[in-house]
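Engineer: Quick one: this structure, given as structure tokens, is what I'll be asking you about.
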Amino acid sequence: MCDREIGCFFVILGTRAMPFDLFDYADQQAALGDAAPMVTPPVAARQRRGRCAYDRGRAAEETVLRRYEARGARCLARRWRGQSGEIDLIFRHQGVILCVEVKSAATHERALESLSTAQMARIYTAASEFLGQVPEGQLAELRFDVATVDGMGVPRILENAFGHL
């Protein structure tokens, strides 16, 4: 049984509760050394996946940012957040304000598939909020692009994408 009360709890198996000693388990795992299977708590695994997705997204945005700047566009905002949503990148190029949604996935097609109509609606509304901050306001010429980045880090830009999707 468990003589160290602090490390003991019961694991319910079916209808029976079995005592489980954390200290005993840790001692057994330590004795196994490298042969012990690595058990990752679900929360830690979820956090790691989330962090990886966040880092991939940031890298994709940086790639797309450089591509637009190479074309002569000036970045006005990155990850601009309004009350209704977020716009990944906002540029001004030849008098046009460009709102760019960046998507990354293994393939460009899969990245495009991940853009929902609800997300497009939020981006439209957020863009309307953003236009309240520019001198020309709602009269500004506006374009919505989608930039996809595949698993190899290759960007593809679909200009005026919301008109195509």
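Positions 1 to 165 (the UniProt record's numbering) are the ones given, in order, by the sequence shown. The beta carbon of each residue, even a glycine, is placed where N, CA and C say it ideally should be.
Leaving out five residues on either side along the sequence, give the residues of the same chain with a beta carbon under 6 angstroms from the beta carbon of H93.
Structural biologist: Position 93 of the sequence shown holds residue 93. Cβ within range, chain order: A73.
Engineer: Which class does R156 belong to by DSSP, given the choice of helix, strand or coil?
Structural biologist: Along the sequence shown, read from residue 1 onward, the residue named residue 156 stands at position 156. The answer is strand: DSSP assigns R156 an E or B state.
Engineer: Quick one: what does DSSP say T107 is sitting in, helix, strand or coil?
Structural biologist: Within the sequence shown, residue 107 is the residue found at index 107, counting from 1. Note: T107 maps to coil in three-state DSSP.
Engineer: Under the rule that 16 or more other beta-carbon atoms within 10 Å means buried, what is A111, buried or exposed?
Structural biologist: Taking the sequence shown and counting its residues from 1, one reaches residue 111 at position 111. Around the beta carbon of A111, a 10 Å sphere encloses 16 or more other beta carbons of the protein chains shown; the residue is thus reported as buried.
Engineer: Give the secondary structure of D145 by DSSP, where H, G and I count as helix, E and B as strand, and everything else as coil.
Structural biologist: The sequence position of residue 145 within the sequence shown is 145, counting from 1. Here D145 sits in strand by DSSP.
Engineer: Take E159 as the anchor and find which of E69, S114 and V100 has the nearest alpha-carbon.
Structural biologist: The residue labelled residue 159 in the question sits at position 159 within the sequence shown. Out of E69, S114 and V100, V100 has the C-alpha closest to the C-alpha of E159.
Engineer: Measure the CB-CB distance between S104 and A70 and report whether it falls below 8 angstroms.
Structural biologist: Here residue 104 is taken as the residue at index 104 of the sequence shown, counted from 1. Here residue 70 is taken as the residue at index 70 of the sequence shown, counted from 1. Taking 8 angstroms as the Cβ cut-off, S104 and A70 do not qualify as a contacting pair.
Engineer: Could you pull out every residue in the same chain whose Cβ sits closer than 8 angstroms to the Cβ of T63, ignoring the five residues on either side in sequence?
Structural biologist: Translated into the one-based positions of the sequence shown, residue 63 becomes position 63. Cβ within range, chain order: V149, G153 and P155.
Engineer: Starting from R56, trace the beta strand (DSSP E) both ways and give me its first and last residue.
Structural biologist: Locating residue 56 in the sequence shown gives position 56, counting from the first residue. Not the beta strand (DSSP E): R56 falls in the alpha helix (DSSP H), residues P42 to A70.
Engineer: Within this structure, are the beta carbons of F91 and L76 separated by less than 8 angstroms?
Structural biologist: As a first step, residue 91 must be located in the sequence shown, where it is residue number 91. As a first step, residue 76 must be located in the sequence shown, where it is residue number 76. Yes.
Engineer: I'd like the span of the beta strand (DSSP E) that includes A73, first residue to last.
Structural biologist: The count along the sequence shown starts at 1 and reaches residue 73 at position 73. No beta strand (DSSP E) contains A73, which DSSP labels as neither H nor E.
Engineer: Can you tell me whether Y54 is buried or exposed, with buried defined as 16 or more other CB within 10 angstroms of its CB?
Structural biologist: Counting from one through the sequence shown, the residue named residue 54 turns up at place 54. It counts as exposed.
Engineer: L139: buried (16+ other C-beta within 10 angstroms of its C-beta) or exposed?
Structural biologist: The count along the sequence shown starts at 1 and reaches residue 139 at position 139. So L139 counts as exposed.
Engineer: By a C-beta neighbour count over all protein chains shown, 10 Å radius and 16 as the cutoff for buried, is A106 buried or exposed?
Structural biologist: Residue numbering aside, residue 106 sits at position 106 when the sequence shown is read from its first letter. Label assigned to A106: exposed.
Engineer: Identify the continuous beta strand (DSSP E) that holds L89 and give its terminal residues.
Structural biologist: By 1-based counting over the sequence shown, the position of residue 89 is 89. Counting along the chain, the beta strand (DSSP E) containing L89 begins and ends at E86 to H93.
Engineer: With DSSP collapsed to three states, give me the class of R122.
Structural biologist: Position 122 of the sequence shown, counted from the start, is the residue given in the question as residue 122. If DSSP states are grouped into helix, strand and coil, R122 belongs with the helices.
Engineer: What does the alpha-carbon distance come out to for the pair residue 178 and E136?
Structural biologist: Only positions 1 to 165 of the chain appear in this structure, which leaves residue 178 out of reach.
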